[in-house]
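Asks:
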Amino acid sequence: MIPLVYFLIAWLVLVGLFGIGALLTLGMNLRYSVATAGAYISTGLFVVVSASALIACGLYIATVDWTQTVELFAPISIGFAP
Amino acid sequence: MMDLHHLPNQLPNEELVYFLRRHPITLTSLFFTFAIVLATPIALAWYIFSFEPTWWQSTTGQPLAVLLASAIFLFAWLFLYQQYLDYYLDSWIVTTKRILNIEQTGLFSRTVSELRLYRVQDVTATVNGLLPTMLNYGNVEIQSAGAKVRIVFEEIPRPNDIAKRVLELSERERREQLDTAVEEFGMPDDADTIEDNRKK
Numbered sequence: 001m002i003p004l005v006y007f008l009i010a011w012l013v014l015v016g017l018f019g020i021g022a023l024l025t026l027g028m029n030l031r032y033s034v035a036t037a038g039a040y041i042s043t044g045l046f047v048v049v050s051a052s053a054l055i056a057c058g059l060y061i062a063t064v065d066w067t068q069t070v071e072l073f074a075p076i077s078i079g080f081a082p
Numbered sequence: 001m002m003d004l005h006h007l008p009n010q011l012p013n014e015e016l017v018y019f020l021r022r023h024p025i026t027l028t029s030l031f032f033t034f035a036i037v038l039a040t041p042i043a044l045a046w047y048i049f050s051f052e053p054t055w056w057q058s059t060t061g062q063p064l065a066v067l068l069a070s071a072i073f074l075f076a077w078l079f080l081y082q083q084y085l086d087y088y089l090d091s092w093i094v095t096t097k098r099i100l101n102i103e104q105t106g107l108f109s110r111t112v113s114e115l116r117l118y119r120v121q122d123v124t125a126t127v128n129g130l131l132p133t134m135l136n137y138g139n140v141e142i143q144s145a146g147a148k149v150r151i152v153f154e155e156i157p158r159p160n161d162i163a164k165r166v167l168e169l170s171e172r173e174r175r176e177q178l179d180t181a182v183e184e185f186g187m188p189d190d191a192d193t194i195e196d197n198r199k200k
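Chains as they are written, first to last, in this note's numbering: chain C, 1 to 82; chain P, 1 to 200.
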């Protein structure tokens, strides 16, 4: 029986890694790209989509009861009674 | 960000002629890869809805599915953006004085090389394949004095037009350099002898 909150913590760690990668990538783009409309549009699109996904996940996560437990390896029913 | 009207180490009277990138069709494989990666959680969701609906309706199954799908999407989205950046930051800039070759390899590796136009000796345009022929994109190889090709414009649109224009610009720049040198230093004393030897 694994507390569901462990998966939330793992997800938060992954989101943290995503955030670091996103910041580094955005920094490289802003530093080295050419100041054209395409650069601004691609940067804005990436930020908006990422933020939307994170906000949507956040709103859903707020509705979940994370004190539950998960049984990942439940006994398998063979399908017949002796 | 780099301003095209204020290039690094800008030379006097230097004007921008071309700002080149790969043809956008080269991004097709990237978007296909992204679509396949995104299809994985979608296929998983379809399987769960079809064969394990009670798992999705449970109070623990749904949050797990949402966490997994969101993690896959976020990293696929970041990967797509990084690969797009790898395409977007590769560029070739042709001005009236020089050629700049900017290559981005990965996220933290960048090479910028420069070739003065008057050093350009040979320009070769190549278009290979059905799609490049139909969409008119290919490579332009620019060579200075020496055996090794210095700069290659890869998969750019209208390679033949670009090659022709680069040659014209290099010839004009060589003439201007020669005129400037003659104005500054005058003709050499043995100019006639040099010319005679050249004709022989």
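Where is the CB? At the ideal position from N, CA and C, for every residue including glycine.
Looking at the structure shown, is P/N9 part of a helix, part of a strand, or coil, going by DSSP?
Replies: For P/N9, the secondary structure class from DSSP, reduced to helix, strand or coil, is coil.
Asks: For chain C, is any of its Cβ atoms less than 8 Å away from the one on P/F153?
Replies: no
Asks: Closer than 8 Å is the cut-off here; do at least three beta carbon pairs connect the stretch 49-64 of chain C with the stretch 62-70 of chain P?
Replies: yes
Asks: Give me the DSSP bridge partner(s) of P/Q104.
Replies: P/R110
Asks: Put P/M2 into one of helix, strand or coil per three-state DSSP.
Replies: If DSSP states are grouped into helix, strand and coil, P/M2 belongs with the strands.
Asks: Is P/D90 helix, strand or coil by DSSP?
Replies: coil
Asks: Thinking C-beta only, is P/R22 closer than 8 Å to P/D86?
Replies: Contact flag unset, no.
Asks: For P/R110 and chain C, any beta-carbon pair shorter than 8 Å?
Replies: yes
Asks: Of the choices P/Q83, P/A145 and P/T126, whose alpha-carbon is the least far from that of P/L27?
Replies: For the set P/Q83, P/A145 and P/T126, the Cα lying nearest the Cα of P/L27 is the one of P/Q83.
Asks: Between which two residues does the alpha helix (DSSP H) harbouring P/A125 extend?
Replies: That residue, P/A125, is in no alpha helix (DSSP H); its beta strand (DSSP E) goes V120 to T126.
Asks: Out of P/F153, P/L117 and P/L130, state which residue places its alpha-carbon closest to the alpha-carbon of P/L167.
Replies: P/L117
Asks: Just to confirm, does C/L8 get its C-beta within under 7 Å of one of the non-hydrogen atoms of the ligand ADP?
Replies: This structure simply doesn't include the ligand ADP, nor any ligand for that matter.
Asks: Name the chain P residues whose beta carbon is nearer than 7 Å to that of C/L59?
Replies: What C/L59 touches in chain P: nothing, since even the nearest Cβ is about 11 Å away.
Asks: Listed from N- to C-terminal order along the chain, which residues in the stretch 71-83 of chain P have their beta-carbon within a distance smaller than 8 Å of any beta-carbon of chain C?
Replies: A71, F73, L74, F75, W77, L78, Y81 and Q82
Asks: Between which two residues does the beta strand (DSSP E) containing C/V47 stretch?
Replies: First-last for C/V47: A37 to I61, but that is the alpha helix (DSSP H), not the beta strand (DSSP E).
Asks: Tell me whether P/G129 sits in a helix, a strand or coil according to DSSP, three-state version.
Replies: coil
Asks: For the stretch 152-168 of chain P and the stretch 91-106 of chain P, state whether three or more C-beta atom pairs, one from each stretch, are separated by less than 8 Å.
Replies: yes
Asks: Does the stretch 176-184 of chain P come into contact with the stretch 107-114 of chain P, if we say contact requires no fewer than three beta-carbon pairs (one atom in each stretch) closer than 8 Å?
Replies: no
Asks: Classify P/Q57: buried if its beta carbon has 16 or more other beta carbons within 10 angstroms, exposed otherwise.
Replies: exposed
Asks: How is the beta strand (DSSP E) around C/I9 delimited, first residue to last?
Replies: Element bounds for C/I9: not the beta strand (DSSP E) but the alpha helix (DSSP H), L4 to Y32.
Asks: Would you tell me roughly how many angstroms separate the C-alpha atoms of C/A37 and P/N139, rounded to the nearest one?
Replies: 26 Å
Asks: For P/T124, which of P/P24, P/S144 and P/S109 has the nearest alpha-carbon?
Replies: P/S144
Asks: So, helix, strand or coil for P/R158, using DSSP?
Replies: coil
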